[in-house]
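Below is one structure; the comments refer to it alone.
Chains as they are written, first to last, in our numbering: chain A, 925 to 1189; chain B, 5 to 265.
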């Protein structure tokens, strides 16, 4: 597998996604609605003078950027991979000189590249509404840190789904598992409520659980809510999760393939 | 009318038979529904950690509203959503031909043909939450309040159906097959009372996306705060929107060219 092959795969996925431009537009619209609703609710509480861990600017920055970070770190391969394994579609991929993960990665990156130009203008419009309270980091170092932890967050999410989807080698129907993980994971990743607002006695657990490193962490870096030690610990944990999941994926995939009996073959 | 009821009953029986074939699906949607509800309850738990009241709503009252939302969502997902979400496929593949040929109003068949009984469980869980939270919210179970709440809720559901169906008629002209998801996405706002939103949006969440009629007004009715004019506006609006949706459907059908012809 070399880069040229991957480039071809990527081009293919770009073209396929382009065929669904209209759908992408609707998806991106739907993605923006949730954060806006949540933002308005929290701003209502904020305006009422309730003491909250976040101030108005932090809420606005968090929720305006949430849709973009969610899109860039999202995965949708879990159910697909499980079905490929269960129904034997995997056999067709295995005979080609490209590992399965490359197909999924190309699909992931290709779709995201097409989605971005649709999402950015929508978020831009919302940002215009809240421009007085939107705070972006002025320090270039914050941007650099963000640029490092964003792809890592996408990696953690991607590998988590790879491992979960690979369980289909042993379990007939992992769809339920994947969907439960999607829901609970979104909650623990700060998709609905910033983790900083959770009860303080949970903060230890929230910091070490993996879902923080799929979405919340890059957002926290961008909103500048972290102290240097917290940053350091966060990066350390994120890298550990990335390596750990990669190891887990390699093992699960290899052992699983040996067990794979290719339905219909 | 009786004919339509008889046809509908047949559709219910058919979907029950189909349901019995997919028992795992039942468990899956039950688990998913429970998890969604738990997350929503926890979200409010977080919000009310900082205060006893937001925009005039206590946590108990919010739980009643959430229960009503779940009830409405369950009913919508059982009776309305599965049909609305297949209209685009009917048009794109030309399967609508087969429905148009039947000796019954096409809008009726298109809107009621698929029923998902397992979603009824989610509706029941919502009802359970309402009953559980009602003492916390100080609900007085009075007959008048209950009737008003039910009327509000039904007009909210009918309004949601009408606006959804209306937006779906645009599918005869457009390409995006998932545009039928826009209305239910916006309806998520019904998880909160409309007073949580800026004044400008409240109008939209009352008269366009009927969040207020579906959840806010029914909850308030249970608390004994009924805005009587709204009750009649809701009924009138629902009837008007249903008529409008029927008119637009007939108009759109004239532009239906079927697939591959």
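Note that the Cβ used here is the ideal one computed from N, Cα and C, for glycine as well. This structure is a prediction, so every number in the text was calculated from the model and none was measured.
At a cut-off of 9 Å between beta carbons, residue 946 (chain A) contacts chain B. When only Cα atoms are considered, residue 950 (chain A) and residue 194 (chain B) end up about 20 Å apart. For secondary structure counted as the alpha helix (DSSP H) over 4 or more consecutive residues, the stretch 137-189 of chain B holds these complete runs in sequence order: 147-173. Taking the Cα positions, residue 1185 (chain A) is about 14 Å away from residue 1006 (chain A).
Think of a sphere of 9 Å around the beta carbon of residue 958 (chain A): the chain B residues whose beta carbon falls inside it are 189, 192, in chain order. Out of A:1017, A:1026, A:1033, the CA that lies nearest to the CA of residue 926 (chain A) is found in A:1026. Per DSSP, the unbroken alpha helix (DSSP H) holding residue 959 (chain A) starts and ends at 945-971.
Taken through DSSP and simplified to helix, strand or coil, residue 62 (chain B) comes out as strand.
Between the alpha carbons of residue 971 (chain A) and residue 964 (chain A) lies a distance of about 10 Å. Contact of residue 950 (chain A) with chain B by beta-carbon distance below 8 Å involves 180, 182, 183, 185, 186. Closest by C-alpha distance to residue 49 (chain B), out of B:60, B:36, B:66, B:263, is B:66. The beta carbon of residue 945 (chain A) is closer than 6 Å to none in its chain, skipping five residues each way along the sequence. Residue 1149 (chain A) and residue 942 (chain A) have their C-alpha atoms some 37 Å from each other.
Sixteen is the threshold: since fewer than 16 other Cβ atoms of the shown chains lie within 10 Å of the Cβ of residue 1123 (chain A), the residue is exposed.
Membership of residue 1094 (chain A) in any alpha helix (DSSP H) is not indicated, and neither H nor E is assigned to it by DSSP. Rounded to the nearest angstrom, the gap between the Cα atoms of residue 11 (chain B) and residue 110 (chain B) is 13 Å. CA-to-CA, the gap between residue 137 (chain B) and residue 60 (chain B) works out to about 17 Å.
Following the DSSP letters along the chain, one finds residue 91 (chain B) inside the alpha helix (DSSP H) bounded by residues 91-97. Excluding the 5 residues flanking it on each side, residue 1144 (chain A) has same chain C-beta neighbours closer than 6 Å at 1150, in chain order. The secondary-structure analysis by DSSP pairs residue 57 (chain B) across a beta bridge with B:62. Residue 200 (chain B) carries a helical assignment under DSSP once its states are collapsed to helix, strand and coil.
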